[in-house]
Structures are given as C-alpha cells and as structure tokens.
Amino acid sequence: MDTKNLSISSENKIKEKQVFERISRCIDAKKSMVFDAGAGSGKTYSLVQSLKYIINHYGKILKKHNQKILCITYTNVAVFEIKDRLGNTGLIEVSTIHDCVWGIIEPYQKQLVEIHCDKLQHEIDTIEEALESEKWAEKYRYLSEDEKNAFLTIMNKKKEDYFKHKNDKSAPFKASLPEILNTYPKLMSNVGNFKKTVDSLFKIIKYKKVIKKIEGKESKFNKVKYDARFNNDKLESMRISHDTLLEYTEKLVEQSDLLKQIICDRYPFVLVDEYQDTDSKVINTLSVIDEFSKMIQHDFFVGYYGDVKQNIYDTGVGSDFYNIHKGLERIIKTFNRRSAKEVIFIANKIRNDDVKQKSIYENFPKGSVSFYNMNIERQEFIKAHIKKWNITKKNKLHCFELTNELVAQQSGFTTIYNFFKNSRWYKLGRNFEFLREHVLSLDVKKLGIVQKLLFRILNFKFKINQNETMVSDVVVEKATKDINILKLRELVEKFRKIKGETLKDYIENLFSKYHNEDEKYDKCLEYIIGEEIKSYSDVEDFILNQLYFFNEQEEHSDEYIQESKNAVTSFLETNMNEFNLWHDFIIDRSESDTIYHTYHGTKGREFDNVIIFMTSKFGRDNKYFSRLLKVLAVKDEVAERNTKTEEARNLLYVAVTRSIINLSILYLDDIDDAKAQVEHVFGEIKYDI
DNA sequence: GAGGGGATTCTTTTT
DNA sequence: GAATCCCCTC
126 MDTKNLSISS ENKIKEKQVF ERISRCIDAK KSMVFDAGAG SGKTYSLVQS
176 LKYIINHYGK ILKKHNQKIL CITYTNVAVF EIKDRLGNTG LIEVSTIHDC
226 VWGIIEPYQK QLVEIHCDKL QHEIDTIEEA LESEKWAEKY RYLSEDEKNA
276 FLTIMNKKKE DYFKHKNDKS APFKASLPEI LNTYPKLMSN VGNFKKTVDS
326 LFKIIKYKKV IKKIEGKESK FNKVKYDARF NNDKLESMRI SHDTLLEYTE
376 KLVEQSDLLK QIICDRYPFV LVDEYQDTDS KVINTLSVID EFSKMIQHDF
426 FVGYYGDVKQ NIYDTGVGSD FYNIHKGLER IIKTFNRRSA KEVIFIANKI
476 RNDDVKQKSI YENFPKGSVS FYNMNIERQE FIKAHIKKWN ITKKNKLHCF
526 ELTNELVAQQ SGFTTIYNFF KNSRWYKLGR NFEFLREHVL SLDVKKLGIV
576 QKLLFRILNF KFKINQNETM VSDVVVEKAT KDINILKLRE LVEKFRKIKG
626 ETLKDYIENL FSKYHNEDEK YDKCLEYIIG EEIKSYSDVE DFILNQLYFF
676 NEQEEHSDEY IQESKNAVTS FLETNMNEFN LWHDFIIDRS ESDTIYHTYH
726 GTKGREFDNV IIFMTSKFGR DNKYFSRLLK VLAVKDEVAE RNTKTEEARN
776 LLYVAVTRSI INLSILYLDD IDDAKAQVEH VFGEIKYDI
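Encoded structure:
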C-alpha cells in the first residue's frame, strides 16, 4: 500500500514521542526495561531509534572507555536489516546471540572443559538411570551382571555388523546378529528396544573414555568447540551445538563474578530484539548480570524489544519471561502503523491481554475482515477473492497455509515435494527434519545436494531465456572468459534453442550437443551440471546414489533397486512447468498473482490482501485450532498459561496481523460449539462467498 | 480383546 | 525418538 498520503494528528505525534521519551529515560537511568510492541507498531524502528539515542548521548564516553553497545537479534536476516537501517558505526555490535556469546566465552577454555566434563558425567548418569528404570530397558535389566558383561563383550566385537544392519527391517536385522539372537533371545524380541539399549551402552562407554582423555589432558581434549553448522552436540568430539552453547554460557556466567563484570563493563548497553523468541537461558544470563551490576554499582542497561504474544516457537521464553528477568520497567506502545482499523479491532480481541492497539493514522483506508466456515475448494475460494479484491500481479493475494507440504501443493509442485518426501534418505531416521530446508529454502546454499543440482540446471535455463539479461551474466564466467562477444551470443543462442517438455527431455537435449566440437559449450555444461556427470543417465545415477544407495555397505534387493530407479525416472519425467514453479518459488520471484506462505514463515512481514486457510488439525494435534476457537473470546489468562491454546492463539495473532487492508479466514472444519466465541471476535460467520 | 511388536508417520522455526 | 496404526498371538 502507498503510505504517502497517510496523516498523523499532532496529538498522536506527541503521544508517540512520549513513548520514546519513556525509553530514553530508562536508558539514562540505566533502568532495564521491556518494550512491548504489538504487531505492526514499528518495533524495529524503535529499536534503531534507541540505538541512535545511545550513540548520540553516550557515544563519546563509550569510545573513551573502549566500550560497545550490544544488539542481539534472533536471526542473521535481522542482523542485516538492523545494520542496514543503522548505517555505519563502530560503536554497536549487532549479532545473533550465538555468535556474540561464543565470542565472549571461547577464551575461557579451562572452565569450559570443566563444564563439558560435568555435562558428560551428567549424561552418563541420565543414561544409567534410564537403563535402571525405563520400560525399553526392561529385558536388559533381567540379565545377571555376568550376562550383562558377556553381552557387552559380544556387542563390542559385533559393532560393525550392528551398525551395518541397524537400518534394516526387523527380520534381517535379527538375522544379522545370530550370536545375540541365540544367546539372548528375549533381549532381541523387540528390535526397537534392543537398539535403544545397545546405543545407550555404547554411549556410556564412549563418554567414559572421553572423560579419561580430558583428565589425562590429551591434546584435542583440552578445548571445547562450537559448530553452528550442526544441530546436535557431539560431546565425544568436544563439539557442542546451539542449545548447549547457551547452557555452558549460563553456567559460566553464574559461576564467575569476574566474567559478569567483564561483560557489563564491556557492553554497558545490551538491546535484545525479539526477546520472546530468545532462549530462557539467555534471559536468565542477562538477568544475573543485571543484578550483579547493581551490586557492584556499575552502569548496565538491558532493553528487551518484542512482543510475548508473537512467541510462536516453543524454544523461546514466551510468557515465562516475566518470571525470569524481574523488576523491569514495562513500556507498551499501543499505536499501530500497519493495518486498517478493522484488522486492528479483531487483532486486539484475539490477543487477550492489556495491549489494545489503535491506528496512529487519521485517514487509513477502509479494510475488511471476514470469517468463513465452509467446505469449499481452496482454488474456488481464491478465485472469488481475486474478483472481489481486484487482485493482479501488482496487487497480489497472499495465502497462508499451516504446513510446508500444503504450500508446495498449492504453489504447484506437489510431485517434486512428494518425491523427496518419499525417497529413502528422507524417510530414514530423523532425516525428514531436513525436508523443509532442502526442498523449500529460499537460501540456495541450504538446499539439499540433489536439489542444488536441479536448481543449477533450472536457474541456468531461466536466466538464459531472459531477454534482458546480458549474455555475460548468464554463461559462467569461468568457462567463457576468453571468448569474444559474438561467439558468446552464438553460445547463448545455442543454449536458448534447447527445450524440453519434461526435465528429462531438457537434460537429454542439453547432452545431445555435448562433445560436439564446441569446447565452450562443453565447459559451460560441465560447470552447470558438474564435471563428473557426463550424460542424462549420470544424472539419474547421481540422484539414485544420493537418495537411495547412499550407504555403500548396504546390500539391496533387485526389487528395491528397480523401485528406486522407477521413482527417480518418473520424477525426472515430471512436466517442466512444475519444475519452473519450484524454481520460481526458490528465487522468490513468482510470476503468479497468488503467493503461498506458512503462517510461521510470514512473521515480521506484511501484505495488503491475506487469506488464511485454517483447519482444526495441526501436526499430531487434531484439535489445535478448534480448542482455541472454543475459548477465543474468553479472557482467562491464568487458565491459559503454558497451554497449547496459548500457542495457537499467538500463531493466529501473528497470521491475522500480517494483513494491511483485506483479510479473509476460511475455516475448513466443523465449527461446532465455537460459533458464539468466533462471532464475538470476527462478527457474523459467513457460509458462502 | 488385550497386549506385544513392527511399521509407518510426524509442524512450525532459528542458531 | 515418539505416537499411532496395524497385525499377530495368546
């Protein structure tokens, strides 16, 4: 929407100024505070304003004392945005919590290794306790001490076989360990429990060894490393991941007064963006430092910027926040700079707390909010709205779905998504967790290996067929640096002529001109596809090896081999159009007038026209939203604390508040006895369009 | 028909 | 890795 003609009354201007004056008073008095900024109130603006205020008033002193302002954000994207809005300044350190914290604690290796040792011991204790009490270890407990020892000896010998067949189905797995099956048949009666037990036993041994190595001061075991690339600790290799980094930081700060002092002296001002998403361990750490600074009478200020009601990830502190960092000054901003008053009105009703927003503008255009309860095809519903709201490529419609699978479906590349979802690698263990990122990440670097290959091909095809692109942009520089412009044009034309109904066709046609006395063509193709791939069937093999035959130790049945080949072939035979839609999605440049998002993915963004598709079920929870709708208008904060209802409410609040002008919600399940509650918030429910 | 075991199936997001 | 469905056995 065009915001140029919007006007703010002088009264509201003064009021908004007063809100910021409260912040600046807190900064001046070094009184830590929380700034609660509801959706669309201009939170990031206030954060940047605060940073500028600190620089203007305390910049000189900070510089003199070699101190800095620390600004902690939740994501790297937010780091860029704030840096961008702030301009260049050496006084502020903007970084994600993990980068920042590791920078501070990394030098304290002696203490870190001690903490690491404690963690290892704690893990051992936990596993041993589980073996003593958990049901899955029951059969193991029935063994005598001698039997336990003998069993462990055999398992140690058969370690290789065990891991080789661990992914097999039950029967072949049992057959792969005949010694165990014969000697301890009961232990193996349930394969799942057996594996869990064996893994636990192995883990104990591993951890005990590491503790010895640490105590023996072996090299490689005198240092803890943080590696942001992995989501899991590897304690035995002295490597920790995100959560454990915060855990160690909390411990280190709690036990060292010196470190507390160093931090508050180095960073007298700490500003936390999106505090509600920040881990509770971080809030606690800051709270401890804040208290300590008061004790030693050093200046220290923490400012939290965010909104508890927009906490939609269970990893964030959410409303626990107020119990952890106590004694904060609370500043609430109730102006809304984003939405029509119709939207603000229902958003206020959904968030059932004391934040009641109103528009800061005098003349915001009229908006609309409707709640529909019908059983209708999504596309039909969308079609009606395209007419109603005059949707065009310039005035886009944004549709919210609960899952990425639905986003993929609606965006038109179901086959692609399902191919990966059903492929062996993503079905194995917990690998499905990578599916979203590998298939749908807008950051190409994060795509899976196969997806990256497909993307390179599609992106090349896309770029080379764009008329306005300079030829030199398209064809890889490395492969073409020493040829003249005429030859370059010729080369581009040659590539442009290549077509294909399916991706298979296209790739085959690409290779039909390969090794055909055009060295530059060959070089380009090799660069795009990878040098080890020399034909269409190499592409197939590459995908097969990545997704189906990735474990070289595994032996595969003929049937499995055939099935896998068929799956890959029919995937590559998918219509090119679908691949183009996937490519459009990845480069975030959809040619369509309708764009799909997950609810979660829209956080921080805003759109003129929004449709929210809602079902009762989300994940395993069949009543995720129906439970909320039943109490939607009930103001019972006590009852709602820490329940799933609160989570659903926050998610709905985030989704609804993305809308600038038009909002329609389509609830696709029976509304049952929630009707009165829903109407209390959204007005009369509509049953047809 | 109860319970055991195997197979299959899961949401969102960031570091 | 945990919930749930399904199949088998007693």
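This note's numbering numbers the first residue of the first sequence as 126 and each following residue consecutively.
Think of the CB as a built atom: it goes at the ideal place given N, C-alpha and C, for glycine as much as any other residue.
A quick note: this is a predicted structure, and the numbers were derived from the prediction, not measured.
In this structure, isoleucine 449 sits near serine 405, with a CB-CB distance shorter than 8 Å. Rounded to whole angstroms, the Cβ separation of valine 575 and isoleucine 632 is 13 Å, and the two are not in contact under 8 Å. In the three-state reduction of the DSSP assignment, aspartate 161 falls in the strand class, which pools E and B. Each residue's CA atom was taken as its position, placing lysine 142 and isoleucine 222 some 30 Å apart.
For the pair leucine 628 and leucine 650, the CB atoms are not nearer than the 8 Å cut-off. DSSP places tyrosine 639 in the coil class of the three-state scheme, outside both helix and strand.
Glutamine 246 sits exposed, since fewer than 16 C-beta atoms from the chains shown fall within 10 Å of its C-beta. Secondary structure note for isoleucine 449: its alpha helix (DSSP H) is the uninterrupted segment 446 to 449.
The beta carbon of tyrosine 309 sits closer than 7 Å to the beta carbons of Phe276 from its chain, once the five residues preceding and following it are set aside; these are given in chain order.
Between the alpha carbons of aspartate 127 and phenylalanine 489 lies a gap of roughly 10 Å.
In the three-state scheme derived from DSSP, where H, G and I count as helix and E and B as strand, asparagine 318 is classed as helix. In the DSSP assignment, aspartate 733 falls within the unbroken beta strand (DSSP E) covering 732 to 739. For the pair glutamate 804 and serine 495, the Cα-to-Cα distance works out to about 10 Å. Counting C-beta pairs closer than 8 Å gives three or more between the stretch 503 to 523 and the stretch 709 to 723, which meets the contact rule.
Between the C-alpha atoms of arginine 476 and glutamate 684 there is a straight-line separation of about 55 Å.
Rounded to whole angstroms, the separation of the alpha carbons of serine 412 and cysteine 389 is 11 Å.
Around the beta carbon of threonine 782, a 10 Å sphere encloses 16 or more other beta carbons of the protein chains shown; the residue is thus reported as buried. Rounded to the nearest whole angstrom, the C-alpha separation of glutamate 218 and lysine 193 is 7 Å. Secondary structure at lysine 283: coil, using DSSP grouped into helix, strand and coil. Taken in chain order, the unbroken stretches of alpha helix (DSSP H) that lie wholly in the stretch 412 to 469 and span 4 residues or more are 446 to 449. Excluding five sequence positions before and after lysine 434, the CB atoms of its chain that fall closer than 6 Å to its own CB belong to Arg476, Asn775, Tyr778, given in chain order.
Listed in chain order, the non-local C-beta contacts of lysine 283 below 8 Å within the same chain comprise Leu302, Glu304, Ile305, local neighbours out to five positions each way being set aside. Annotation for glutamate 218: the continuous beta strand (DSSP E) segment containing it runs 217 to 221. If you draw a straight line from the Cα of cysteine 196 to the Cα of leucine 560, it comes to about 32 Å. Contact annotation: isoleucine 785 and alanine 465 have beta-carbon atoms nearer than 8 Å. By the Cβ rule, the stretch 349 to 359 does not count as touching the stretch 392 to 404, because fewer than three pairs are nearer than 8 Å.
By the Cβ rule, the stretch 614 to 628 does not count as touching the stretch 729 to 742, because fewer than three pairs are nearer than 8 Å. Between the stretch 420 to 429 and the stretch 689 to 699 there are fewer than three inter-stretch CB-CB distances shorter than 8 Å, so the stretches are not counted as touching. The beta carbon of phenylalanine 732 sits closer than 7 Å to the beta carbons of His523, Arg783, Ser784, Ile785 from its chain, once the five residues preceding and following it are set aside; these are given in chain order.
Distance from the Cα of glycine 167 is smallest, within the candidate group Thr459, Ser325, Asp250, Glu259, for Thr459.
Glutamate 562 and lysine 552 do not touch by the CB rule: their CB atoms are close to 16 Å apart, not below 8 Å. Residue state for isoleucine 207 is assigned as helix, using DSSP reduced to three classes. Between the stretch 480 to 489 and the stretch 793 to 807, the count of C-beta pairs closer than 8 Å stays below three; the two stretches do not touch.
DSSP places serine 362 within a helical segment (H, G or I) once states are collapsed to three.
Around the beta carbon of isoleucine 790, a 10 Å sphere encloses 16 or more other beta carbons of the protein chains shown; the residue is thus reported as buried. If you check the CB distance, leucine 377 and isoleucine 230 come in under 8 Å.
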